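> Residue numbers (this note's numbering), protein chains in the order written: chain A, 1 to 109; chain B, 110 to 1009.
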Amino acid sequence: MPKDVLGEFEHQVLLATLRLKDGAYSTTIVLELERVTGRDVAPAAVYIALRRLEEGGFAASSLRPPPEGGRQRRYFQVTPAGLDLMRESRRRYVALWDGVESVLEPGSP
Amino acid sequence: MGDAGSPPRVAEALLRRVLPPEDRDVFPEELDELYRIRIRTRGLLRTRWWYRRQVAELLLRRLGTVARRVTTTTMEWTTDMDALRRDLAYAVRRLIRSPGFTLVAVLSLALGIGANTAMFSLVNAVLFRDLPVRDSGSLVEVYTGEDDGYAYATSSHPDYLDIRAAAVGGDGPLSNVVGSRTILARLDGDAGPELVMGELVSWDWFQELGVPMALGRSFTAEEDVTPGTHPVALLGYRTWVNDFGADPSVVGRTVRLSGRPFTVVGVVGEGWNGSLPVVVSQIYAPLAMTNAFMEGGIDQLSRRGSRSMFLKGRLREGATPQQADAWLATFAQGLEERYPDTNTGHAMAALPSADVALHPLVDGMLTPVAGLLLAVVGLVLLIACANLASFLLARAEDRRTEIAMRLALGAGRGALVRQLLVETTLLAVVGGAAGVLLAHWTLGLVMAFQPPIPVPISIDVGLDSTVLAFTVVVSVAAGLLFGLAPALRATNPDVAPTLKLGDAARVRGRRFDLRRGLVVAQISLSFVLLVGAGLFVRSLQKARAIDPGFDTGPAALVWPMSELSGYETPRERADLALRIRDALEADPRIRAVAMADRLPLGAAVQTGAFGLPDVPPSERPSGFHDIDNARVGPGYFAAMGVEVVQGRAFTDDDLDGEPLAVVSRAFVDRFYPGQDVVGRRLDTGGGESTRIVGVAADTKVRTLGEAPRPYIYELGGEPTLGALQFVVRGEGTGDELLARTLGVIEGIDPDLVFLETKTMDAHLALLLFPPRMAAGLLTVFGALALLLAAVGIWGVVSHAVARRTREVGIRVSLGAGASQVVSLLVGSGMRLVMAGMAVGLLLAGAAAVPLARFLYGVEALDLATFVAIPVVLGAVALAAAWVPARRAAGVDPVRALRSE
């Protein structure tokens, strides 16, 4: 996998991490993705994606107990490189969406 | 099942193993959280499966990652010669710095690899090595079947000429067929008369097989046409060197073979020892000279029913062995129609030469033995490897702080693993080289030992490329086998605790100790080998104790070859035999003399076909029965100590009368139970018959383990009396009797050559040779395994002593006595030994069952063996654990506590 291209699932994991702000670790990411997409998400896949993102420098992790107390969790944050990557991929998507609107929604202006 | 609230236990344990160390305590918690949430929405059973699926998925993905990484690292590394050179230099320095470890490691490996190389060389030489012939892939062995259904027997000369003509002249799958037969001949060399093994071959034998001549030429077509007209011979290379001093002027000289002058026309090239891989052929002559070497002036060349030739066929380009086989089958049918008297029931068959080592029948017997021996030495190597792995683990553990430091400083795990592997592979290669030397030396010893058979034996056990390839593969496999696990383990520490706590970090937290597992494995494998050795030793004892049914006391056995010594007619030979017997019996110190062409429990199996009146016919076309037989002279039963229980034995007066026989009791029990057979006649074929005059007690005939076997003793009349061997009984040892016997015979004819001269002990030794070899080899390997296992226990206990110095110091300072400390440490070692013996008991029980067919008179699960071996193994293990443990008793508590 070239370093600057995200797979669709990794993309989703990064988005979920961003949405969860300070509360992003594997469990919450799985639950968030399931809530938004409405489909079952495998924690094993999330775990692997997170490790790859971290290896690629797009995410960083730290160990700390959750606010409600208990054992340590590995919390993830999106790094500046990760943010750059997401901006870039959004730009590409938006460019692709350009001009498609009239086909998908013929009624609107 | 655990409680409903927590995830499946096995899956969770597996999950922890699969994860990298830094996530081991974190991710399972997170997954557990999800698990609890899911149970509420999806139910217990589905959630448990869901959890297991997550673990499986993670395992697969991690394996994929590791595999990819190892491949990349290996690729990078093998292309990075600088790194390799650095690693090698570092490994050499480290090995030199700990010479004790290096020596033990190299020695263990050398023993293991050496034993494997030696054994494989033997098996390779006998079973795997192709004859050094041109294009061996297109050769087939051609056999004539027996009429009792056995497919792979020898062929007759007339049949051979017909097959050859059809092959050469036709367009079948074979382009040529060449033939040979083995002979015994008397060679009057520079060093006096000598009995030699030789081969009679078709004139184009050497050309077709692509065997070069060292000197002179091989035979010409003209020399192999008219019987008896071209007395020409080739010398085997060794005979040329040993008996003729490698004299190049030997070509053109005349040598006397079996009393007839032969002109030497050449010397066969050095690489060729004859067509059998084991027996050395010393001279060669054309097939047309066959009758010059045959007894009694019988014409072997023209008798279609006399089958004793080995044939090899050359496949035409594109033809397959199966086509040759089918072609021969058809051809044999044609021969049956043309020559029903001699060829009915004799089919023909071909097998690819590459698939035949000695002979299909012999191969079938040797293969399981070879497999057994290779399995045994394989176990020894496994034990040696386990030892080294154990040592390396100990060393790796001692280096944990260093390795953790290097990992923390950013060294790649791949680089560290690589460096450790270079070290173990270096050890394995040095051990392998030493092993090859050891094997070479051992084989030299083994080969200097001539088994108790009368023909010269040559097993070419030289280190050919197959053997070396085997050794290289074994060495590298051993290096990886005992190196990889320690290397992976050593480079996978939890870096932080090791750095923080130093040596204290490794005292706890080992769920499964690989080193201890290795000791258990070693003990159990040694147990298996020792049980095998024990069973064969017991079997040897039993075999010795079996009563063979004849007198095994001291006797001289001499077999003169008067046929080869100038006694031309059967009459002359019979007279000579009787003269020798009378001269022997005239000696007051000689008690009795027997004559026979076969002694019980000899190497040769000999049967005759007999028609038995009033007994259902056999399945042979003739209806005759194959029964073990021997031709004997008068006086045989008295001298052999075999009782004649009914009727009478033979006397001198019978010699000129009708053919007579004595049968064994087992013969009566099998064919005429409850009847009086004295006076009955047995049909011996060709309209002849023999009259039974007595019944003798049973003796063992072929093997000690057999049930009583029907046996027929025929009185050797004038035609055969001169071809029998003598068994001489009297005062003194076998060697004294032998010297006396030879002295007496020398007084009658000093020029007689002998097929064999030996004592009764040597004769019986041949029979006990296989069990004695098996017992000897297994005992050696079992002892080796025991030694290696003892070294393993010693290593584990002494490492434990070093590691637990602090603990021992505390115990001693709290008042523990020396003996308590010692028994604590010995006890921890012996627990492993007990576990190993328990596993070994099961393995040995399973392994012993297929061994049963190699054993005489011993049950596979022999109680004595299964009791004695644990005792011996336990005692040795105890000693190995006690020696290092004793050192701990001398620990000075103050120093021990200060040591960290």
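Heads up, the beta-carbon is just placed ideally off N, CA and C, and yes, glycines get one too.
Small disclaimer: the values here were computed from a predicted structure and weren't measured.
Using the Cβ count rule (16 or more neighbours within 10 Å means buried), how would you classify residue 938(B)?
buried
> Is the shortest distance between the beta-carbon of residue 163(B) and the beta-carbons of chain A less than 7 Å?
yes
> Have a look at residue 773(B) and residue 943(B) and give me their C-alpha separation to the nearest angstrom.
53 Å
> Note down, in chain order, every chain B residue with its Cβ under 9 Å from the Cβ of residue 73(A).
135, 138, 139 and 142
> Would you decide whether residue 496(B) is buried or exposed? Buried here means 16 or more other CB atoms lie within 10 Å of its CB.
buried
> In chain order, what residues of the same chain have a beta carbon less than 7 Å from the beta carbon of residue 137(B), not counting five sequence neighbours either side?
Apart from sequence neighbours up to five positions away, the residues of its chain that approach residue 137(B) with a beta-carbon distance below 7 Å are 121, 124 and 125, ordered along the chain.
> Going by alpha carbons, who is nearest to residue 842(B) out of 719(B), 378(B) and 662(B)?
662(B)
> Looking at C-alpha atoms only, which residue of 455(B), 962(B), 473(B) and 385(B) is the closest neighbour of residue 260(B)?
Closest by alpha carbon: 455(B).
> For chain B, check one thing: does any of its Cβ atoms lie closer than 7 Å to the Cβ of residue 66(A)?
The beta carbon of residue 66(A) does not come within 7 Å of any beta carbon belonging to chain B, so the residue lies off that interface.
> If we count Cβ pairs, one from each stretch, closer than 8 Å, do we get three or more for the region 240-247 of chain B versus the region 373-386 of chain B?
yes
> Okay, do the region 443-455 of chain B and the region 464-479 of chain B touch, 3+ Cβ pairs below 8 Å being the bar?
no
> Cβ of residue 151(B) less than 7 Å from any chain A Cβ?
no
> Which residues does DSSP list as the beta-bridge partners of residue 69(B)?
Lying before the first or after the last residue shown, residue 69(B) is absent from chain B, which here runs from 110 to 1009.
> Would you decide whether residue 190(B) is buried or exposed? Buried here means 16 or more other CB atoms lie within 10 Å of its CB.
exposed
> When the cut-off is 7 Å and only beta carbons count, does residue 1012(B) lie next to chain A?
Absent from the structure is residue 1012(B), since the part of chain B shown begins at 110 and ends at 1009.
> Three or more C-beta pairs closer than 8 Å, one from the region 821-830 of chain B and one from the region 672-686 of chain B: is that the case here?
yes
> Count the C-beta pairs between the region 344-363 of chain B and the region 391-399 of chain B that are closer than 8 Å, then say yes if the count reaches three, no if not.
yes
> To which residues does DSSP link residue 717(B) through a beta bridge?
736(B)
> For a contact defined as C-beta to C-beta under 7 Å, what are the partners of residue 59(A) on chain B?
The premise fails here: residue 59(A) is roughly 14 Å from chain B at the closest Cβ pair, so nothing lies under 7 Å.
> Considering only the alpha carbon of each residue, which of 50(A), 38(A) and 42(A) lies closest to residue 13(A)?
50(A)
> Do residue 142(B) and residue 27(A) have their C-beta atoms within less than 7 Å of each other?
In contact: residue 142(B) and residue 27(A) (Cβ atoms closer than 7 Å).
> What residues of chain A sit near residue 166(B), judged by a beta carbon separation below 8 Å?
42, 44 and 45
> Using a Cβ cut-off of 7 Å (strictly closer), state whether residue 26(A) contacts chain E.
Going by chain labels, chain E is absent from the structure shown, which instead holds the protein chains A and B.
> Run through DSSP, which three-state label would residue 63(A) get?
strand
> To the nearest whole angstrom, what separates the beta carbons of residue 986(B) and residue 632(B), a pair I think is in contact under 8 Å?
7 Å
> Which one or two residues does DSSP pair with residue 418(B) in a beta bridge?
264(B)
> Report the rounded CA-to-CA distance for residue 441(B) versus residue 419(B), giving the unit in angstroms.
Rounded to whole angstroms, residue 441(B) to residue 419(B) spans 16 Å at the Cα level.
> Does residue 24(A) come out as helix, strand or coil in the three-state DSSP assignment?
coil
> Decide if residue 670(B) is buried, meaning its Cβ has at least 16 other Cβ atoms within 10 Å, or exposed.
buried
> Is the shortest distance between the beta-carbon of residue 29(A) and the beta-carbons of chain B less than 7 Å?
With its beta carbon at least 7 Å from every one in chain B, residue 29(A) lies outside the interface.
> Considering only C-alpha positions, which residue in the set 60(A), 96(A) and 98(A) is nearest to residue 80(A)?
60(A)
> Can you tell me the Cα-Cα spacing of residue 214(B) and residue 896(B), whole angstroms?
13 Å
> Quick check on the DSSP output: the beta strand (DSSP E) that includes residue 867(B) runs from which residue to which?
Segment 863-868, the beta strand (DSSP E) holding residue 867(B).
> Within its chain, find whatever has a CB closer than 7 Å to the CB of residue 486(B); leave out the 5 residues flanking it on each side and keep chain order.
224, 225, 228 and 890
> Rounded to whole angstroms, how far is the Cβ of residue 908(B) from the Cβ of residue 503(B), which I believe are closer than 8 Å?
About 5 Å separates the beta carbons of residue 908(B) and residue 503(B), which is inside the 8 Å limit, making them a contact pair.
> Hey, out of 409(B), 340(B) and 320(B), whose CA is closest to residue 290(B)'s CA?
409(B)
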